[in-house]
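Below is one structure, written out as structure tokens, with a few remarks after it.
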Amino acid sequence: KAAAPSAAVPSPQQNGKPASPLSPSSQMFHAGTRAIIWGMQTRAVQGMLDFDFVCSRQTPSVAAMVYPFTDDHKQKFYWGHTEILVPVYKNMADAMKKHTDADVLINFASLRSAYDATLETLKYPQIRTIAIIAEGIPENMTRILIKRAAAAGVEIIGPATVGGVKPGCFKIGNTGGMMDNILRSKLYRPGSVAYVSRSGGMSNELNNIIAQHTDGVYEGVAIGGDRYPGTTFMDHLQRYHDNPEVKILVLLGEVGGVEEYDVVTALKSGRISKPLIAWCIGTCAGMFNSEVQFGHAGACANAEQETAEAKNTALASAGAKVPPSFDELGLIIQNVYDELRSAGVIVPKQEVPPPTVPMDFSWARELGLIRKPASFTTSISDERGQELLYAGMPISAVLEQGLGVGGTLSLLWFQRRLPTYATQFLEMCLMVTADHGPAVSGAHNTIVCTRAGKDLVSSLVSGLLTIGDRFGGALDGAAKQFSGAMDRNLQPHEFVNEMRKKGELIMGIGHRIKSLNNPDKRVEIIKKFVQKEFPATPTLEYALKVEKITTSKKPNLILNVDGVIGVSFVDLLRHSGAFTSEEAEEYINIGTINGLFVLGRSIGFIGHYLDQRRLKQGLYRHPWDDISYIMPEHYATS
1 KAAAPSAAVP
11 SPQQNGKPAS
21 PLSPSSQMFH
31 AGTRAIIWGM
41 QTRAVQGMLD
51 FDFVCSRQTP
61 SVAAMVYPFT
71 DDHKQKFYWG
81 HTEILVPVYK
91 NMADAMKKHT
101 DADVLINFAS
111 LRSAYDATLE
121 TLKYPQIRTI
131 AIIAEGIPEN
141 MTRILIKRAA
151 AAGVEIIGPA
161 TVGGVKPGCF
171 KIGNTGGMMD
181 NILRSKLYRP
191 GSVAYVSRSG
201 GMSNELNNII
211 AQHTDGVYEG
221 VAIGGDRYPG
231 TTFMDHLQRY
241 HDNPEVKILV
251 LLGEVGGVEE
261 YDVVTALKSG
271 RISKPLIAWC
281 IGTCAGMFNS
291 EVQFGHAGAC
301 ANAEQETAEA
311 KNTALASAGA
321 KVPPSFDELG
331 LIIQNVYDEL
341 RSAGVIVPKQ
351 EVPPPTVPMD
361 FSWARELGLI
371 RKPASFTTSI
381 SDERGQELLY
391 AGMPISAVLE
401 QGLGVGGTLS
411 LLWFQRRLPT
421 YATQFLEMCL
431 MVTADHGPAV
441 SGAHNTIVCT
451 RAGKDLVSSL
461 VSGLLTIGDR
471 FGGALDGAAK
481 QFSGAMDRNL
491 QPHEFVNEMR
501 KKGELIMGIG
511 HRIKSLNNPD
521 KRVEIIKKFV
531 QKEFPATPTL
541 EYALKVEKIT
551 TSKKPNLILN
561 VDGVIGVSFV
571 DLLRHSGAFT
581 SEEAEEYINI
591 GTINGLFVLG
601 RSIGFIGHYL
611 DQRRLKQGLY
621 RHPWDDISYI
631 MPEHYATS
């Protein structure tokens, strides 16, 4: 574990000439890199665009997205403060054809489809690099992909990777984490240190360590945790080594596999001469008596040389700087950096503050940085948690406790559980108001609309729109008139006389067919139930006294269904003990009682719609002999 002797300090010049940066075509990523994203990963794409913006890129790095499960469309994203549209294609061929400047494909497909998506990508010569994010791809499929990619001259990062990052230029998907971490790690501009890691999560840790102890990261790649990565440690270390902008190399290996020994060979042969700091994770495996499988598929030592201990020893003996433990990795990196800086090999550039990237509203709210008045306010239901809530009651409890339709209404309309007699009353109201035959205006409208070929909702609405003071709206009116008269201490005969003098009808009184001698059984049943079950029924009793006065003048001026429901509902609100007097008045005034008629009659209207569809009734045309045609006399011919 002991650190190896200091590696040779490279000269800032090669062959007597100043080192020159590589051309974009010879680099995996550069400031003009454009990518196509496979998968509807909107959060990752927005993260890439935010990274582009903070790096002061002139154009977004995301050229397009491919998503087979939708039609071609545009997806909205932010570019700094401005909204932009990124095209989404159903077919990869269309994306490739229309975005020939894209040479990277980031494959977010699941393990079930990542193989096929990658094979399809390899058909397009414009793609030079493919990042496969998914883990769990079968190893035999991965080996086929590696072979096909090598034949096509395509480099693969992954599978099972977060990707990679080139500060100031480009990042793959979610690499680097949130914007605060990107800024803290100074990934918005290049440094002098390049790293390669197996672990994506640990690559984020390396970003922080390198930023704290040096001038920052030049490039970093996580090759992925599967046993067969598409590119190896050496593939990337050689790239870094040949790039004059990179002064320090960092390798973060792990237990399992033997790829680190290729690095040992390269150090011994002189292929790698720049300072290399290395550490292999998993030294704790030796503390266990049996074989240990760590998180990655490839993180398991099948032989002594695959242990982290053996690898660290071999790297150190070959000339790499290996710290005593991971905790001291940053100090070793800083020591090498300070040496190179003192020798003039590294000349830190002046720090330029990056552009400010607006924080997403949802994230800012989660952090408690902002507050915003809600567009809507609700107090009856909540779907945000693990289970839907009705007025605070889990939907499972509503079902398990058998609240029924009446109990559900009590929660959603009144925000509380009402007594059993109250919920039974609500259900009775729905049953008696469900239908009144096809001749009434609402049902008639629904039938005509259905026969005109309209859909269920349109037909239902056409019937509901007829509900008002003349049809179905008497429930609220009856409740307000009778309760108002009582509250003003009017005697029943005084109330009747007052309404006669005003020339107004008493809502809830009168029936076209039913009378004292032919009572409405629906009214009788509701009346008996209310008188038996309700704690007090003063409004109903008041209405019955009014009925005695009106029927003495005309036998059909009885308390009808609208009236008995309306006044009984007032007694429920005022005397059940579930509501304050203010709440009771509010529910009367905001249309709650008419809501019962609307809900109940909707059942019947839907029934008429289904009936007409079932009977396959054709377009309705009203017969002309049922219409009285009366033309203006001055147009009549002599």
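Under full-length UniProt numbering, the sequence shown has 8 at position 8, and the numbering climbs by one with no breaks. In this text, a Cβ means the ideal position worked out from N, Cα and C, and glycines have one as well.
#1: Exposed or buried, what is Ala439 when buried is set at 16 or more other beta-carbons lying within 10 Å of its beta-carbon?
#2: In this structure, does DSSP put His296 in helix, strand or coil?
#3: For Pro535, does the three-state DSSP call read helix, strand or coil?
#4: Which same chain residues, not among the five before or five after Cys169, have their C-beta less than 6 Å away from its C-beta?
#5: What separation, rounded to the nearest whole angstrom, lies between the Cα atoms of Glu633 and His622?
#6: Got a sec? Which residues, its chain only, sit under 7 Å from Val336 by beta carbon, not counting five neighbours each side?
#7: Can the beta-carbon of Ile157 be found closer than 7 Å to that of Ala134?
#8: Pick out whichever of Gln212, Arg271 and Val258 has its Cα sitting closest to the Cα of Glu304.
#9: How would you call Trp279, buried or exposed, if buried means at least 16 neighbouring beta carbons within 10 angstroms?
#10: Have a look at Thr265, His436, Phe495 and Glu504 and flag the residue whose alpha-carbon is nearest the alpha-carbon of Gly600.
#11: Tell me the DSSP secondary structure of Thr592 in three-state form.
#12: So is Val88 buried or exposed if we call it buried at 16+ other beta carbons inside 10 Å?
#13: Measuring straight from C-alpha to C-alpha, what distance separates Lys123 and Leu85?
#14: So, helix, strand or coil for Pro87, using DSSP?
#15: Where does Leu403 sit, in a helix, a strand or coil, going by DSSP?
#16: Leaving aside the five residues before and after Leu418 along the sequence, list all residues of the same chain whose C-beta is less than 6 Å from its C-beta, in chain order.
#17: Following the continuous beta strand (DSSP E) through Lys166, name the residue where it begins and the one where it ends.
#18: Measuring CB to CB, does Arg34 end up less than 7 Å from Ala63?
#19: Where does Lys548 fall in DSSP's three states?
#20: What does a CB cutoff of less than 8 Å around Ser381 pick up in its chain, not counting 5 residues either side in sequence?
#21: Measure the alpha-carbon distance for Cys449 versus Asp72 and round it to whole angstroms.
#22: Roughly how many angstroms lie between the CA atoms of Gly163 and Phe77, to the nearest whole one?
#23: Leaving out five residues on either side along the sequence, give the residues of the same chain with a beta carbon under 6 Å from the beta carbon of Ile182.
#24: With burial defined as no fewer than 16 other Cβ atoms inside 10 Å of the residue's Cβ, what is the status of Gly282: buried or exposed?
#25: Looking at Leu619: is its Cβ nearer than 7 Å to the Cβ of Asp571?
#26: With contact counted as at least three CB pairs below 8 Å, one residue from each stretch, are the segment 584-595 and the segment 552-561 in contact?
#27: Quick one: measure Cβ to Cβ for Gly220 and Tyr195, integer angstroms, because I've assumed they're closer than 8 Å.
#28: Give the secondary structure of Tyr195 by DSSP, where H, G and I count as helix, E and B as strand, and everything else as coil.
According to the data block:
#1: exposed
#2: Residue placement at His296 cannot be trusted, given a pLDDT of 48 that sits under 50; what the coordinates show is reported in the next sentence. Coil.
#3: coil
#4: Phe29, His30 and Ala31
#5: 25 Å
#6: Ile248, Pro275, Ile277 and Lys321
#7: no
#8: Val258
#9: buried
#10: His436
#11: Looking at Thr592 - three-state DSSP - the assignment turns out to be helix.
#12: buried
#13: 27 Å
#14: strand
#15: coil
#16: Ser410 and Ala578
#17: Gly164 to Lys166
#18: yes
#19: helix
#20: Leu388, Leu389, Tyr390, Ala391 and Leu412
#21: Taking C-alpha positions only, Cys449 is separated from Asp72 by approximately 36 Å.
#22: 21 Å
#23: Gly176
#24: The residue in question, Gly282, is buried, as its Cβ has 16 or more Cβ neighbours within 10 Å.
#25: Not a contact, by the Cβ cut-off of 7 Å.
#26: no
#27: 5 Å
#28: strand
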